[in-house]
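**Q**
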Amino acid sequence: ISRIRSYLSTETTKILVQAWIITRWDYANSLYHGMSKQNMDRLQRIQNAAARLIVRCGRREHISPIMSELHWLPVFYRVSFKVLVQVYRAFHNEGPGYICDMVECYRPVRSLRSQDQHLLAVPRRKKKNYGDHAFSHAGPVLWNSLPLDIRSSQTLVTFRKRLKTYLFRIAYN
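In our numbering, the protein residues as written are 1 to 173.
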């Protein structure tokens, strides 16, 4: 794409980058949750290069304003976004059965204020290092860290919109 970039408009380049690059590493990127920082940085460098290619800027320019202008979440937040969308689907029994089985609503033993907060039970893990990366543990932890207005969204479209806005604010502010 970089070889023919001079012949393409910005919008066309953005479409090509989305089709050929972003979709490749975005496919099943929820599996990247808990990946080492070194590998996450490698993916971030790919995204940064793609953003620079679209807007035709040099390597020395700061990438955050460019990513914000393109309305792209950084890789870490993009992975969290995908995990949280899967959790939302499982919470509302819209996902595959094996994923829905991993998500359990938090039900306190006695009456507590937290019972109406749309929280999920965080299962205990056997191994601290590897157990934190499992969807059954990471999904509820990420879900419970969201504000109530996002967790209580009625539709998937509303949830995705609110979640992306929330993650965008965290990433760029």
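Virtual Cβ for every residue (Gly too), placed ideally from N, Cα, C. Everything numeric in this text was worked out from a predicted model, so none of it was measured.
For the alpha helix (DSSP H) that V157 lies in, which residues bound it at each end?
**A** Its alpha helix (DSSP H) spans residues L156 to Y172.
**Q** Among residues of its own chain, excluding the 5 on either side of A134, which ones have a beta-carbon nearer than 6 Å to its beta-carbon?
**A** Contacts found: none.
**Q** How many angstroms separate the CA atom of Q38 from the CA atom of P74?
**A** If I take the Cα positions, the gap works out to 15 Å.
**Q** Drop a sphere of 10 angstroms on the beta-carbon of I20, count the other beta-carbons inside from all chains shown, and report buried for 16 or more, exposed for fewer.
**A** A quick correction: the sequence has Trp, not Ile, at residue 20. So W20 ends up on the exposed side.
**Q** Is the segment 80-93 touching the segment 61-72 in the sense that three or more CB pairs, one from each, lie closer than 8 Å?
**A** At 8 Å Cβ cutoff, the stretches do not touch.
**Q** My understanding is that W25 touches L43, with C-beta atoms under 8 Å, so please give their C-beta distance in whole angstroms.
**A** The Cβ separation is near 6 Å, so the contact holds.
**Q** Considering just the uninterrupted stretch of the alpha helix (DSSP H) at P96, what are its terminal residues?
**A** First-last for P96: undefined, no H or E at that position.
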